[in-house]
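Protein chains in written order, with full-length UniProt numbering: chain A, 1 to 106; chain B, 1 to 405. Glycine included, each C-beta is placed from N, C-alpha and C at the ideal position. Computed from a predicted structure; not experimentally measured. Written below as structure tokens is the structure these notes are about.
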Amino acid sequence: MPKITYVQQDGSAESFDVQAGMSVMEAAIEAGVGGIVAECGGNAICATCHVYVDPGQIEKLPLPQADEDAMLDNTACPRAENSRLSCQIEVTEELDSLTVTVPEEQ
Amino acid sequence: MTDVVIVGAGQAGFQVAASLREKGHQGRVVLVGDEPGVPYQRPPLSKAYLSGALPGERLALRPQTFYDKHGIELVCGRAVGIDRDRCRVALADERELEYGHLVLTTGTRNRELPVPGAKLDGVLGLRTRADADALRERIDGARNVVVIGGGFIGLEFAASVAKLGLSVTVLEASDRLMRRAVSPAVSAHYRELHERRGTRVLFGASVVALHGGHEVTGVELADGSVLPADLVVVGIGVVPNTELAADAGLAVDDGIVVDEQMSTSDLRVSAVGDCAVYPSRHARGPLRLESVQNAVDHARCLATRLTGTAEPYASVPWFWSNQFDARLQIAGLGTDHDEAIVHGDPDAGSFSVFCFRAGRLVCVESVNRTPDHMAARKLFTAGGSLDRELLAPGFDFRQHVAAVA
Ligand SMILES: Cc1cc2nc3c(=O)[nH]c(=O)nc-3n(C[C@H](O)[C@H](O)[C@H](O)COP(=O)(O)OP(=O)(O)OC[C@H]3O[C@@H](n4cnc5c(N)ncnc54)[C@H](O)[C@@H]3O)c2cc1C
Ligand code: FES
């Protein structure tokens, strides 16, 4: 199973084996990772599941769809080039060892 | 540290508990709910969960481990009384819970259809997971599905069922869909969408009785006609659960009355979410909203106050509804707007309606146009408006807001 790592603002990190097909958001909720609110339950509509993807790995992800792109304009913490909505990242075998950082605020 | 007892384990109750811990609250947090299991999301009940696309495990807002890890006590039971002098909540099974602060997040219940036959088998509402499960069971064998009420829940249900290939009739008492919540342009667009998928929509339809022996067989309208039905879904609005508050002597007026910081007149009791009426800056008066955004933002505002810093509630209301592949997103409050300008291309299924009141932009309704929706939320948060003259073809609202807000 692909392993996903979630890094908090204080530098602490947790890694989990995630079933392919789940989103990075869903896996975080299930594992109880702090800092991911996911108010809309994965509909790309609340922008409270914002994460920063490890810059070295961002190329592995397909580009954001228009909806996600628009949502990223209104995240509580500033948007960066590696900003993504974790509910829109589907975990696949190719994403094994993906690392995302949780922003300070959602 | 104060012990906080929260009555109502739905979206708002969960969020109060989670936000209290996130903000460092050290006292006990007890979340009392009368539904089985952990708190779950309601929106998918009429959408992905109903159609089977979302498995039941994913309905939960958080797994049980979350509550264990954060020391949030989940109590299954129904609160039946509040003794404000002794700071105690009584549960139906005669347990008592002592509180330092009490939060009421009791939500709403479905309004019942006031006609003969409303209790027949096969007549159902859609509010809880149990309701959705009962509907799913019935959908399989149903041949004639009638939805009473053309609001969000009725229409989302109708869309989910039409996608499964069933024929559906929607009965709406007024002259357009989602009348209470959207502009005529959006109503018209959704009517067409539903009709194109084979759903029959009848306006001015007043139901006078439901027919059947044990099981429902038909729906009788005021004009005497009877529509055959073996599954009837009633979606005619909700009633806030305020009895607990009223019995305890708290002010109730179509909701539990709270101030700008979600406090009732008793400083030890607050109310948030669907059950609360609060002074809204956006409505310029008392408001009770039924939305996830409202429940979550109320809860966060209250948790902030209970852990130290009080700020008046000021969040911009927003809402979404998914029907077929049309995603409706609403920012602001459109009730009593006096001018609505359609921007974009309704025929292509992507447009926004800009609603003004006395020349001021008060609401933006977007259909498959998330950039407009997000721009509107940004603009309203910044307190800005929009010059209506700018709304010419080619105007890019997102760019405009990026430049001004
Ligand atoms: C089918 C459906 C679809 C929806 N879709 C959307 C959508 O797309 N977008 C959106 O923004 N909103 C949607 N909503 C609305 C949204 O779910 C509500 O606004 C939100 O759940 C309100 O949260 P709440 O905590 O205030 O109330 P609820 O979630 O209703 O929670 C209240 C809880 O309190 C419990 N309770 C009541 N009285 C007592 C008592 N005395 N003792 C113990 N427990 C008690 C109730 O059983 C319930 O579990 C939808 C709602 C439904 C039903
Ligand atoms: S969970 Fe709401 S945008 Fe991802």
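Check: Are the segment 209-219 of chain B and the segment 116-127 of chain B in contact at 8 Å, needing three or more beta carbon pairs?; Outcome: yes
Check: Exposed or buried, what is A/S12 when buried is set at 16 or more other beta-carbons lying within 10 Å of its beta-carbon?; Outcome: exposed
Check: When the Cα atoms are used, what is the spatial distance from B/R288 to B/S263?; Outcome: 15 Å
Check: Name the two residues that bound the continuous alpha helix (DSSP H) containing B/L379.; Outcome: T370 to T381
Check: Could you check the C-alpha separation between B/V4 and A/N82 for me, to the nearest Å?; Outcome: 39 Å
Check: Let me know if B/R300 comes out buried or exposed under the rule of 16 or more other beta-carbons within 10 Å of its beta-carbon.; Outcome: buried
Check: If you drop the 5 nearest sequence neighbours on each side, which residues of the same chain put their C-beta closer than 6 Å to that of B/F397?; Outcome: D372 and A375
Check: Can you give the Cα-Cα distance for B/I72 and B/V115, rounded to whole angstroms?; Outcome: 43 Å
Check: Secondary structure at B/Y313, three-state DSSP: helix, strand or coil?; Outcome: coil
Check: Kindly list, in the order they appear in chain B, the residues whose Cβ is closer than 8 Å to that of residue 110 of chain A.; Outcome: As shown, chain A starts at 1 and ends at 106. That puts residue 110 of chain A outside it, with no answer to give.
Check: By the three-class DSSP mapping on this structure, what secondary structure does A/C49 have?; Outcome: coil
Check: So, with DSSP's three-state summary, where would you put B/V232?; Outcome: strand
Check: From the DSSP output, read off the bridge partner residues of B/N144.; Outcome: None; B/N144 has no bridge partner.
Check: Have a look at B/F66 and B/I341 and give me their C-alpha separation to the nearest angstrom.; Outcome: 46 Å
Check: Provide the residue(s) that pair with B/E215 in DSSP beta bridges, ordered along the chain.; Outcome: B/D121
Check: My output table needs one value for A/C77: the three-state DSSP class, helix, strand or coil.; Outcome: coil
Check: When we look at the beta-carbon of A/M22 and count the other beta-carbons within 10 Å, is it buried (16 or more) or exposed?; Outcome: buried
Check: Whole angstroms is fine: what's the gap from B/A348's alpha carbon to B/A90's?; Outcome: 56 Å
Check: Give every residue of the same chain whose Cβ lies closer than 7 Å to the Cβ of B/R377, excluding the five residues on either side of it in the sequence, and list them in chain order.; Outcome: V316, W318 and A331
Check: Report back the beta-carbon spacing between B/C355 and B/G334 to the nearest angstrom; my notes put them in contact at under 8 Å.; Outcome: 4 Å
Check: Would you check if the distance between the CB atom of B/R21 and the CB atom of B/V29 is smaller than 9 Å?; Outcome: yes
Check: Just the Cα atoms here: how many angstroms apart are B/H343 and B/L164?; Outcome: 32 Å
Check: For the structure I just gave you, are there three or more beta carbon pairs, one from the segment 262-278 of chain B and one from the segment 83-102 of chain A, closer than 8 Å?; Outcome: no
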